[in-house]
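In my numbering, the protein residues as written are 1041 to 1329.
Just below is one structure, and these are the notes that go with it.
This is the structure in C-alpha coordinates:
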(Lines of atoms letter the chains of each structure in order from A and count residues from 1; the text may use other names and numbers.)
(Lines give C-alpha, C1' and ligand atoms only; values in the text may rest on other atoms or scores of the structure.)
Protein backbone atom coordinates (compact mmCIF):
# COMPACT_ATOMS: atom_id res chain seq x y z
CA UNK A 1 0.00 0.00 0.00
CA UNK A 2 1.50 3.42 -0.94
CA UNK A 3 2.44 5.82 1.82
CA UNK A 4 0.15 8.74 2.59
CA UNK A 5 1.65 12.12 3.42
CA UNK A 6 0.03 15.23 4.87
CA UNK A 7 1.81 18.32 3.51
CA UNK A 8 1.47 21.36 5.78
CA UNK A 9 2.99 24.66 4.65
CA UNK A 10 2.93 28.19 5.98
CA UNK A 11 1.55 29.85 2.85
CA UNK A 12 1.61 33.28 4.45
CA UNK A 13 5.31 33.28 3.48
CA UNK A 14 6.33 33.27 -0.17
CA UNK A 15 9.43 31.20 0.55
CA UNK A 16 7.39 28.47 2.23
CA UNK A 17 5.06 28.28 -0.77
CA UNK A 18 8.04 28.08 -3.13
CA UNK A 19 9.67 25.32 -1.07
CA UNK A 20 6.35 23.45 -0.76
CA UNK A 21 6.11 23.32 -4.57
CA UNK A 22 9.53 21.64 -4.71
CA UNK A 23 8.68 19.29 -1.85
CA UNK A 24 5.49 18.25 -3.63
CA UNK A 25 7.48 17.13 -6.68
CA UNK A 26 9.96 15.21 -4.49
CA UNK A 27 7.27 13.42 -2.50
CA UNK A 28 4.86 12.58 -5.33
CA UNK A 29 6.72 9.45 -6.56
CA UNK A 30 6.80 8.06 -3.01
CA UNK A 31 3.48 8.96 -1.37
CA UNK A 32 -0.04 10.18 -1.98
CA UNK A 33 -0.31 13.78 -0.78
CA UNK A 34 -3.03 15.58 1.16
CA UNK A 35 -2.44 19.29 1.79
CA UNK A 36 -3.25 21.60 4.67
CA UNK A 37 -2.44 25.27 5.16
CA UNK A 38 -0.60 25.97 8.42
CA UNK A 39 -2.80 29.04 8.82
CA UNK A 40 -5.70 26.67 9.47
CA UNK A 41 -4.42 26.63 13.02
CA UNK A 42 -7.03 24.75 14.99
CA UNK A 43 -5.57 23.13 18.07
CA UNK A 44 -6.48 19.65 16.83
CA UNK A 45 -6.83 17.87 13.52
CA UNK A 46 -10.21 16.51 12.57
CA UNK A 47 -10.34 12.75 13.11
CA UNK A 48 -10.89 11.93 9.45
CA UNK A 49 -7.80 13.95 8.50
CA UNK A 50 -5.71 12.49 11.32
CA UNK A 51 -6.31 8.89 10.26
CA UNK A 52 -5.76 9.61 6.57
CA UNK A 53 -1.96 9.96 6.58
CA UNK A 54 1.12 8.01 7.65
CA UNK A 55 3.42 10.97 8.22
CA UNK A 56 3.30 14.75 8.04
CA UNK A 57 5.63 17.04 6.10
CA UNK A 58 5.83 20.51 7.63
CA UNK A 59 7.31 23.28 5.47
CA UNK A 60 8.19 26.55 7.19
CA UNK A 61 10.38 28.01 9.88
CA UNK A 62 10.94 26.73 13.39
CA UNK A 63 7.79 28.50 14.60
CA UNK A 64 5.61 26.67 12.09
CA UNK A 65 7.23 23.35 12.93
CA UNK A 66 6.76 23.91 16.67
CA UNK A 67 3.08 24.81 16.26
CA UNK A 68 2.37 21.79 14.07
CA UNK A 69 4.30 19.43 16.37
CA UNK A 70 1.96 20.41 19.23
CA UNK A 71 -0.99 19.82 16.94
CA UNK A 72 0.20 16.42 15.70
CA UNK A 73 1.81 14.88 18.77
CA UNK A 74 -1.22 13.02 20.10
CA UNK A 75 -1.80 11.36 16.73
CA UNK A 76 1.58 9.61 16.97
CA UNK A 77 2.51 10.33 13.35
CA UNK A 78 6.12 11.10 12.34
CA UNK A 79 6.91 14.65 11.21
CA UNK A 80 9.30 15.58 8.39
CA UNK A 81 10.52 19.14 9.00
CA UNK A 82 11.59 21.02 5.86
CA UNK A 83 13.16 24.41 6.49
CA UNK A 84 11.80 27.48 4.75
CA UNK A 85 12.60 29.95 7.53
CA UNK A 86 15.54 31.99 8.77
CA UNK A 87 17.33 29.51 11.04
CA UNK A 88 15.77 26.09 10.74
CA UNK A 89 17.39 24.66 13.86
CA UNK A 90 14.60 22.16 14.47
CA UNK A 91 13.88 21.25 10.84
CA UNK A 92 16.02 18.27 9.82
CA UNK A 93 15.84 18.79 6.05
CA UNK A 94 16.23 21.30 3.29
CA UNK A 95 14.92 20.40 -0.17
CA UNK A 96 18.29 19.03 -1.31
CA UNK A 97 18.55 16.68 1.68
CA UNK A 98 14.95 15.59 1.22
CA UNK A 99 15.58 14.70 -2.42
CA UNK A 100 18.67 12.67 -1.51
CA UNK A 101 16.97 10.73 1.29
CA UNK A 102 13.40 10.56 -0.07
CA UNK A 103 13.36 6.77 -0.44
CA UNK A 104 14.37 6.37 3.21
CA UNK A 105 12.14 9.14 4.56
CA UNK A 106 9.04 7.81 2.82
CA UNK A 107 9.89 4.15 3.23
CA UNK A 108 8.32 1.74 5.67
CA UNK A 109 10.67 2.49 8.58
CA UNK A 110 12.23 5.98 8.50
CA UNK A 111 14.70 6.84 11.28
CA UNK A 112 13.03 8.81 14.07
CA UNK A 113 14.09 11.26 16.75
CA UNK A 114 11.76 11.66 19.71
CA UNK A 115 11.36 15.00 21.46
CA UNK A 116 9.51 15.45 24.73
CA UNK A 117 6.85 18.07 25.36
CA UNK A 118 5.60 19.78 28.49
CA UNK A 119 1.96 19.51 29.55
CA UNK A 120 0.72 22.50 31.54
CA UNK A 121 -2.38 23.32 33.55
CA UNK A 122 -3.33 26.68 35.02
CA UNK A 123 -5.37 26.66 38.23
CA UNK A 124 -6.89 29.89 39.56
CA UNK A 125 -6.62 30.97 43.17
CA UNK A 126 -10.14 29.66 43.83
CA UNK A 127 -9.23 26.17 42.58
CA UNK A 128 -10.97 26.47 39.22
CA UNK A 129 -9.23 25.14 36.13
CA UNK A 130 -8.42 28.02 33.79
CA UNK A 131 -6.40 26.60 30.90
CA UNK A 132 -4.28 23.74 29.64
CA UNK A 133 -1.70 23.48 26.89
CA UNK A 134 1.44 21.92 25.51
CA UNK A 135 4.92 23.25 24.85
CA UNK A 136 7.65 21.62 22.78
CA UNK A 137 10.15 24.44 23.40
CA UNK A 138 9.31 26.23 26.62
CA UNK A 139 6.73 27.54 29.02
CA UNK A 140 7.53 31.00 30.37
CA UNK A 141 5.95 32.91 33.21
CA UNK A 142 6.79 36.46 32.18
CA UNK A 143 6.44 39.58 34.34
CA UNK A 144 4.81 41.67 31.61
CA UNK A 145 3.81 45.33 31.73
CA UNK A 146 4.49 47.52 33.60
CA UNK A 147 7.59 45.35 34.05
CA UNK A 148 7.98 45.46 37.80
CA UNK A 149 9.48 42.41 39.48
CA UNK A 150 7.08 39.58 40.21
CA UNK A 151 7.23 36.93 42.92
CA UNK A 152 6.82 33.22 42.27
CA UNK A 153 6.92 30.15 44.49
CA UNK A 154 8.53 27.19 42.72
CA UNK A 155 8.07 23.63 43.95
CA UNK A 156 9.56 20.48 42.40
CA UNK A 157 8.34 16.96 43.17
CA UNK A 158 5.84 18.10 45.83
CA UNK A 159 8.46 19.98 47.87
CA UNK A 160 6.10 21.74 50.28
CA UNK A 161 8.50 24.54 51.20
CA UNK A 162 9.59 25.40 47.66
CA UNK A 163 11.82 28.29 46.65
CA UNK A 164 10.95 31.88 45.91
CA UNK A 165 11.81 33.57 42.62
CA UNK A 166 11.79 37.35 42.60
CA UNK A 167 12.56 38.85 39.22
CA UNK A 168 11.21 38.95 35.68
CA UNK A 169 9.90 35.38 35.67
CA UNK A 170 11.02 31.85 34.96
CA UNK A 171 11.50 29.55 31.95
CA UNK A 172 10.68 25.85 31.92
CA UNK A 173 12.43 24.41 28.88
CA UNK A 174 12.51 21.00 27.26
CA UNK A 175 15.83 19.81 25.83
CA UNK A 176 14.55 21.00 22.44
CA UNK A 177 13.87 24.45 23.88
CA UNK A 178 17.15 24.63 25.77
CA UNK A 179 18.76 26.34 22.75
CA UNK A 180 16.04 29.02 22.60
CA UNK A 181 14.95 31.58 25.23
CA UNK A 182 16.47 29.56 28.07
CA UNK A 183 19.92 29.70 26.47
CA UNK A 184 19.58 33.47 26.03
CA UNK A 185 18.77 33.74 29.76
CA UNK A 186 21.88 31.77 30.74
CA UNK A 187 20.34 28.31 30.92
CA UNK A 188 22.15 25.10 29.96
CA UNK A 189 22.10 23.49 26.53
CA UNK A 190 20.63 20.01 26.94
CA UNK A 191 20.91 17.28 24.30
CA UNK A 192 17.48 16.15 23.01
CA UNK A 193 18.14 12.58 24.16
CA UNK A 194 18.40 13.74 27.79
CA UNK A 195 15.12 13.34 29.68
CA UNK A 196 15.11 16.57 31.66
CA UNK A 197 13.44 19.93 32.19
CA UNK A 198 15.52 23.09 32.56
CA UNK A 199 14.38 25.67 35.09
CA UNK A 200 15.93 29.03 34.23
CA UNK A 201 15.13 32.21 36.18
CA UNK A 202 14.77 35.45 34.23
CA UNK A 203 16.80 38.24 35.83
CA UNK A 204 16.37 36.81 39.32
CA UNK A 205 17.02 39.32 42.11
CA UNK A 206 19.47 36.89 43.69
CA UNK A 207 23.15 36.04 43.40
CA UNK A 208 22.41 32.42 44.30
CA UNK A 209 19.59 31.34 41.99
CA UNK A 210 21.17 29.37 39.17
CA UNK A 211 19.50 27.37 36.39
CA UNK A 212 18.90 23.71 37.18
CA UNK A 213 17.91 20.63 35.19
CA UNK A 214 15.42 18.29 36.87
CA UNK A 215 14.32 14.84 35.76
CA UNK A 216 11.58 14.68 33.16
CA UNK A 217 9.53 12.58 35.57
CA UNK A 218 9.39 15.44 38.09
CA UNK A 219 6.21 17.46 38.53
CA UNK A 220 6.71 21.20 38.82
CA UNK A 221 4.36 23.69 40.47
CA UNK A 222 4.73 27.48 40.24
CA UNK A 223 2.40 29.78 42.18
CA UNK A 224 2.24 33.48 41.36
CA UNK A 225 2.53 35.44 44.61
CA UNK A 226 2.79 38.92 43.13
CA UNK A 227 1.92 39.81 39.56
CA UNK A 228 1.74 42.72 37.15
CA UNK A 229 -1.21 43.58 34.95
CA UNK A 230 0.58 41.92 32.04
CA UNK A 231 1.92 38.83 33.81
CA UNK A 232 1.26 35.76 31.69
CA UNK A 233 2.17 32.19 30.90
CA UNK A 234 3.58 31.98 27.37
CA UNK A 235 3.74 28.61 25.61
CA UNK A 236 6.36 28.32 22.87
CA UNK A 237 6.13 32.07 22.32
CA UNK A 238 2.80 31.44 20.57
CA UNK A 239 0.04 31.13 23.15
CA UNK A 240 -0.48 33.63 25.96
CA UNK A 241 -2.47 32.84 29.11
CA UNK A 242 -3.00 35.79 31.53
CA UNK A 243 -1.93 35.12 35.12
CA UNK A 244 -2.96 36.73 38.39
CA UNK A 245 -1.68 36.60 41.95
CA UNK A 246 -2.73 33.30 43.50
CA UNK A 247 -2.75 31.37 40.21
CA UNK A 248 -0.69 28.18 39.91
CA UNK A 249 0.96 26.56 36.89
CA UNK A 250 1.43 22.81 37.09
CA UNK A 251 3.90 21.33 34.62
CA UNK A 252 4.88 17.78 33.78
CA UNK A 253 6.18 15.77 30.86
CA UNK A 254 3.47 15.13 28.28
CA UNK A 255 2.34 11.53 27.90
CA UNK A 256 3.50 11.37 24.27
CA UNK A 257 6.68 12.52 22.54
CA UNK A 258 6.77 14.22 19.15
CA UNK A 259 8.41 12.03 16.52
CA UNK A 260 10.58 13.71 13.90
CA UNK A 261 12.01 11.89 10.90
CA UNK A 262 15.79 12.12 11.24
CA UNK A 263 18.12 13.30 8.51
CA UNK A 264 20.93 10.70 8.29
CA UNK A 265 23.32 13.46 7.21
CA UNK A 266 22.76 15.57 10.33
CA UNK A 267 24.66 15.46 13.61
CA UNK A 268 23.32 17.41 16.58
CA UNK A 269 26.66 18.90 17.57
CA UNK A 270 27.37 19.99 14.00
CA UNK A 271 23.99 21.70 13.84
CA UNK A 272 24.62 23.37 17.20
CA UNK A 273 28.02 24.59 16.07
CA UNK A 274 27.04 25.72 12.59
CA UNK A 275 23.60 27.25 13.23
CA UNK A 276 23.98 28.46 16.82
CA UNK A 277 27.75 29.17 16.67
CA UNK A 278 28.19 27.11 19.81
CA UNK A 279 31.68 27.53 21.35
CA UNK A 280 32.74 29.95 18.62
CA UNK A 281 36.04 31.55 19.73
CA UNK A 282 36.91 35.24 19.60
CA UNK A 283 38.38 36.52 16.33
CA UNK A 284 42.04 36.17 17.30
CA UNK A 285 44.33 37.91 14.81
CA UNK A 286 46.88 35.09 14.86
CA UNK A 287 44.31 32.46 13.86
CA UNK A 288 42.79 31.69 10.51
CA UNK A 289 39.05 31.67 9.84
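No residue lacks a Cβ here, since even glycine has one placed at the ideal position from N, Cα and C.
Because the structure is a prediction, the values reported are computed rather than measured.
Beta-carbon separation (whole angstroms), residue i vs residue j, contact threshold 8 angstroms
{"i": "residue 1225", "j": "residue 1240", "result": "5 angstroms"}
{"i": "residue 1244", "j": "residue 1206", "result": "7 angstroms"}
{"i": "residue 1263", "j": "residue 1193", "result": "4 angstroms"}
{"i": "residue 1063", "j": "residue 1099", "result": "6 angstroms"}
{"i": "residue 1095", "j": "residue 1130", "result": "Actually they are not in contact, since the Cβ atoms of residue 1095 and residue 1130 sit about 16 angstroms apart, beyond 8 angstroms."}
{"i": "residue 1300", "j": "residue 1121", "result": "6 angstroms"}
Nearest neighbour of residue i, chosen from the options [CA to CA]
{"i": "residue 1274", "options": "1248, 1304, 1247, 1158", "result": "1158"}
{"i": "residue 1172", "options": "1234, 1067, 1161", "result": "1161"}
{"i": "residue 1184", "options": "1130, 1218, 1284, 1132", "result": "1284"}
{"i": "residue 1272", "options": "1071, 1144, 1187", "result": "1187"}
{"i": "residue 1292", "options": "1178, 1130, 1222", "result": "1178"}
{"i": "residue 1343", "options": "1201, 1251, 1200, 1203", "result": "A question about residue 1343 goes unanswered here, because the residues of the chain that appear run from 1041 up to 1329."}
{"i": "residue 1257", "options": "1323, 1236, 1203", "result": "1236"}
{"i": "residue 1138", "options": "1068, 1309, 1280", "result": "1068"}
{"i": "residue 1278", "options": "1176, 1047, 1130, 1118", "result": "1176"}
{"i": "residue 1080", "options": "1130, 1056, 1122, 1048", "result": "1048"}
{"i": "residue 1180", "options": "1053, 1295, 1105, 1242", "result": "1242"}
{"i": "residue 1330", "options": "1140, 1126, 1155, 1127", "result": "Beyond the ends of the chain as shown, which are 1041 and 1329, falls residue 1330; an answer cannot be given."}
{"i": "residue 1043", "options": "1232, 1265, 1117", "result": "1117"}
{"i": "residue 1298", "options": "1140, 1232, 1189", "result": "1232"}
{"i": "residue 1167", "options": "1325, 1289, 1310", "result": "1289"}
{"i": "residue 1174", "options": "1326, 1296, 1322", "result": "1296"}
{"i": "residue 1202", "options": "1217, 1057, 1163, 1259", "result": "1259"}
{"i": "residue 1276", "options": "1217, 1075, 1287, 1234", "result": "1217"}
{"i": "residue 1314", "options": "1223, 1128, 1056", "result": "1128"}
{"i": "residue 1074", "options": "1269, 1146, 1097", "result": "1097"}
{"i": "residue 1126", "options": "1053, 1146, 1325, 1309", "result": "1053"}
{"i": "residue 1070", "options": "1140, 1323, 1238, 1227", "result": "1140"}
{"i": "residue 1223", "options": "1270, 1238, 1056", "result": "1238"}
{"i": "residue 1208", "options": "1055, 1270, 1059", "result": "1270"}
Within 9 angstroms, strictly: CB atoms of residue i and residue j
{"i": "residue 1077", "j": "residue 1051", "result": "yes"}
{"i": "residue 1144", "j": "residue 1093", "result": "no"}
{"i": "residue 1101", "j": "residue 1124", "result": "yes"}
{"i": "residue 1182", "j": "residue 1066", "result": "no"}
{"i": "residue 1254", "j": "residue 1230", "result": "no"}
{"i": "residue 1198", "j": "residue 1281", "result": "no"}
{"i": "residue 1248", "j": "residue 1190", "result": "no"}
{"i": "residue 1265", "j": "residue 1204", "result": "yes"}
{"i": "residue 1261", "j": "residue 1195", "result": "yes"}
{"i": "residue 1164", "j": "residue 1061", "result": "no"}
Any non-hydrogen atom of the ligand ATP closer than 8 angstroms to residue i Cβ
{"i": "residue 1213", "result": "Among the components modelled here there is no ligand, and therefore nothing to report on the ligand ATP."}
(message) Pairs of beta-carbons, one from the segment 1140 to 1150 and one from the segment 1313 to 1325, closer than 8 angstroms: are there three or more?
(response) Flag = no, the segment 1140 to 1150 and the segment 1313 to 1325 do not touch.
(message) For the structure I just gave you, are there three or more beta carbon pairs, one from the segment 1200 to 1214 and one from the segment 1302 to 1311, closer than 8 angstroms?
(response) With the cut-off at 8 angstroms, the segment 1200 to 1214 and the segment 1302 to 1311 do not touch.
(request) Would you check if there are 3 or more beta carbon pairs closer than 8 angstroms linking the segment 1104 to 1118 to the segment 1133 to 1142? (result) The segment 1104 to 1118 vs the segment 1133 to 1142: no contact.
(request) Only counting runs of 3 or more residues, tell me where the beta strand (DSSP E) segments fall wholly within the segment 1190 to 1233, in order along the chain. (result) Qualifying beta strand (DSSP E) stretches, in chain order: 1190 to 1196, 1203 to 1207, 1209 to 1213.
(message) I'd like the ranges of any alpha helix (DSSP H) spanning at least 4 consecutive residues and lying wholly in the segment 1064 to 1146.
(response) Taken in chain order, the unbroken stretches of alpha helix (DSSP H) that lie wholly in the segment 1064 to 1146 and span 4 residues or more are 1087 to 1090, 1102 to 1112, 1135 to 1145.
(message) So within the segment 1155 to 1188, which uninterrupted beta strand (DSSP E) runs reach at least 3 residues, ignoring any that extend past its ends?
(response) Correct list: 1158 to 1163, 1169 to 1175, 1178 to 1182.
(request) Pick out the complete beta strand (DSSP E) segments inside the segment 1271 to 1296, 3 residues or longer, and give them in chain order. (result) Listed in chain order, the complete beta strand (DSSP E) runs (minimum 3 residues) inside the segment 1271 to 1296 are 1272 to 1275, 1279 to 1282, 1288 to 1293.
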